[in-house]
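Student: One structure follows; several queries about it will come next.
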Amino acid sequence: MSTSSTSRISFLKGHGTENDFVIVPDPDNALALPAPVVARICDRRAGIGADGVLHVVRSAAHPEARDMAAEAEWFMDYRNADGSIAEMCGNGVRVFAHYLQREGLVEQGGLAVATRGGIKQVHIAKDGDITVSMGRALLPEESATVAVGERSWPSRNVNMGNPHAVAFVDDLAHAGDLLAAPPVSPAAVYPEGVNVEFVVDRGPRHVAMRVHERGSGETRAGGS
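FYI, the numbering for the sequence shown is 1091 to 1314, going by our numbering.
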């Protein structure tokens, strides 16, 4: 893809449960990926189209990850579809690991991946399945109300390395079209924005969910 008259970016495309990403290999962190370029890449009409960008960089080459390089060789520099920087993406880290394994950069088995949300432990199975240990969820006491139109619901503040406001609803249709981020109040609870999940309890160990991802909009799945 050409981002200007003089620069080109090599890329691949991947998805985890239809949460899709543009993968940009850049081991030496040589590429400039300003927000407008990332937004153009992710634009489904004018660009390639994706929920986000996985910038693949060696940890030692990135200033935000050098302190993690001894434990994790690779850093997932994740960007939302609007170009904003994000801490972590659950499906993204699985796709990231699949790319590394496919390219022969890592072996099957355990893999540590550096992210802005900390080091995540990924397992690449012989059959190709990739799982990630997200670690223990943090449940900050501060919470917010989520609103759609005339309806509003209390939400639970959940931090998985990135922030989530989880609201239980009676019907997923109540979330509306999710073309815009649902307002949360007070907004100060999430000064950097938040991923919003609308959840219906379908029984023991079974929920249905819709998610509006911060900086990306509604996605077909969410791994965090």
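Beta carbons: idealized from backbone N, C-alpha and C, even for Gly.
Taking buried to mean at least 16 other C-beta atoms within 10 Å of its own C-beta, is V1297 buried or exposed?
Tutor: Taking the first residue of the sequence shown as 1, we reach residue 1297 at position 207. Exposed, since its Cβ has fewer than 16 Cβ neighbours within 10 Å.
Student: Nearest to A1171 by CA position, among A1204, V1248, M1224 and P1124, is which residue?
Tutor: On the sequence shown, residue 1171 is found 81 positions in, with the first residue counted as 1. Checking every option, the nearest Cα to that of A1171 belongs to P1124.
Student: Looking only at its chain, what residues have a beta carbon closer than 6 Å to the beta carbon of G1312, apart from the 5 residues adjacent to it on each side?
Tutor: Start at 1 with the first residue of the sequence shown, and residue 1312 comes out as number 222. Cβ within range, chain order: V1301.
Student: Considering only residues of the same chain and omitting the five flanking positions on each side of E1308, which have a CB-CB separation below 6 Å?
Tutor: Stepping through the sequence shown from its first residue, residue 1308 is reached at position 218. Taken in chain order, the residues that qualify are L1268 and H1302.
Student: Can A1257 and S1245 be called in contact, C-beta distance under 8 Å?
Tutor: Position 167 of the sequence shown, counting from 1, holds the residue named residue 1257. Position 155 of the sequence shown, counting from 1, holds the residue named residue 1245. Closer than 8 Å, so yes.
Student: Work out the CA separation of V1147 and N1252 for me, nearest whole Å.
Tutor: Position 162 of the sequence shown, counted from the start, is the residue given in the question as residue 1252. Position 57 of the sequence shown, counted from the start, is the residue given in the question as residue 1147. Rounded to whole angstroms, N1252 to V1147 spans 20 Å at the Cα level.
Student: On a CA-only basis, which of P1272, M1178, R1292 and G1139 is nearest D1110? Give me that one, please.
Tutor: Within the sequence shown, numbered from 1, the residue matching residue 1110 stands at position 20. Selected option, being the one with the closest Cα: G1139.
Student: At a cut of 8 Å, does the segment 1174–1187 reach the segment 1200–1215 through at least three beta carbon pairs?
Tutor: yes
Student: Would DSSP call Y1168 helix, strand or coil?
Tutor: Locating residue 1168 in the sequence shown gives position 78, where the first residue counts as 1. DSSP places Y1168 in strand when its eight states are reduced to three.
Student: With which residues is N1285 paired in a DSSP beta bridge?
Tutor: Taking the first residue of the sequence shown as 1, we reach residue 1285 at position 195. The partner list for N1285 (beta bridge, DSSP) reads H1254.
Student: Can you tell me which residues form a DSSP beta bridge with M1299?
Tutor: For the purposes of this step, residue 1299 is identified with residue 209 of the sequence shown, where counting begins at 1. According to DSSP, M1299 shares a beta bridge with V1289.
Student: Where does P1242 fall in DSSP's three states?
Tutor: Taking the first residue of the sequence shown as position 1, residue 1242 is located at position 152. Correcting the residue type first, residue 1242 is Ser in the shown sequence and not Pro. Residue state, collapsed to three classes: strand.
Student: From the DSSP output, which residues share a beta bridge with E1308?
Tutor: Your numbering for residue 1308 matches position 218 in the sequence shown. The partner list for E1308 (beta bridge, DSSP) reads H1302.
Student: Tell me, which residues are paired with K1210 by DSSP?
Tutor: For the purposes of this step, residue 1210 is identified with residue 120 of the sequence shown, where counting begins at 1. Beta-bridge pairing links K1210 to V1203.
Student: Indicate whether E1232 and N1249 have their beta-carbon atoms separated by less than 8 Å.
Tutor: The residue given as residue 1232 occupies position 142 in the sequence shown. The residue given as residue 1249 occupies position 159 in the sequence shown. Result no, Cβ atoms of E1232 and N1249 do not sit closer than 8 Å.
Student: If I follow the unbroken alpha helix (DSSP H) through L1190, where does it start and stop?
Tutor: In the sequence shown, residue 1190 corresponds to position 100, counting from 1. Unbroken alpha helix (DSSP H) run through L1190: G1180 to R1192.
Student: In whole angstroms, what separates the C-alpha of F1101 from that of S1314?
Tutor: The residue labelled residue 1101 in the question sits at position 11 within the sequence shown. The residue labelled residue 1314 in the question sits at position 224 within the sequence shown. Approximately 24 Å between the Cα atoms of the pair.
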